[in-house]
Amino acid sequence: MVDYGPTWDAARLGELERCDYTCQGCGREHDPETLDDENGVKIHVHHKVKARLFPRIEDAHYPENLIALCSRCHGRVESGKLPDSRPDVRDDVNMY
Ligand SMILES: [Zn+2]
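With the UniProt record's numbering as the guide, the letters of the sequence shown map in order to residues 1 to 96.
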């Protein structure tokens, strides 16, 4: 497990609450207590720009760099099959 620093828990919870515990990939809702959906799939918070690329790991936890994804979608993003893995995705959205 990577140590994301002392601010990570708050940043992660903030993102989950902002997304209302809903996966931003497939739209499934998750239980705020267990983080499970109806199939027992957990929700994660993903760094669009990988945390290890930041000189100070806490600097990676800004809201625009975080996205709530279930473990299925997280796997697809990490393997490059979902566009949310691109760090500029929200900039693209803002252009339209
Ligand atoms: Zn999902």
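Quick reminder that beta carbons are idealized off the backbone N, C-alpha and C, glycines included.
Predicted model, so just to flag it, every value in this text is computed and none were measured.
Give the single residue among the options whose Cα lies nearest to the Cα of residue i.
i, options, result
"K42", "W8, V77, Y21 and E78", "Y21"
"H30", "S71, G80 and Y62", "S71"
"A10", "H61, G80 and A51", "H61"
"N65", "E78, L53, R56 and H47", "H47"
"E38", "S79, G14 and C23", "C23"
"C73", "R12, D3 and R28", "R28"
"K81", "C26, R12 and R52", "C26"
"V2", "H44, R12 and R52", "R52"
Please tell me whether, using a cut-off of 8 Å, the distance from the CB of residue i to the nearest non-hydrogen atom of ligand 1 is below it.
i, result
"L69", "yes"
"R18", "no"
"G40", "no"
"G80", "no"
"R56", "no"
"S5", "The displayed chain sequence assigns Gly, not Ser, to residue 5. G5: no, Cβ never under 8 Å from ligand 1."
"G14", "no"
"R72", "yes"
With a CB to CB cut of under 7 Å and the five nearest residues on each side skipped, what residues in its chain are close to residue i?
i, result
"C19", "A68"
Report all residues from its chain with a CB closer than 6 Å to the CB of residue i; omit the five preceding and five following residues, and keep chain order.
i, result
"P32", "Y21"
"residue 97", "With the chain covering 1 to 96 only, the question about residue 97 has no answer from this structure."
"M95", "Reliability of the predicted coordinates at M95 is poor, the pLDDT of 37 falling under 50, and no value is obtained from them."
"D91", "For D91, the predicted model reports a pLDDT of 42, less than 50, meaning its position is unreliable; a value from the coordinates is still stated below. No residues qualify anywhere along the chain."
Could you check how far apart the C-beta atoms of residue i and residue j are, in whole angstroms? I think they sit under 8 Å.
i, j, result
"P63", "E15", "7 Å"
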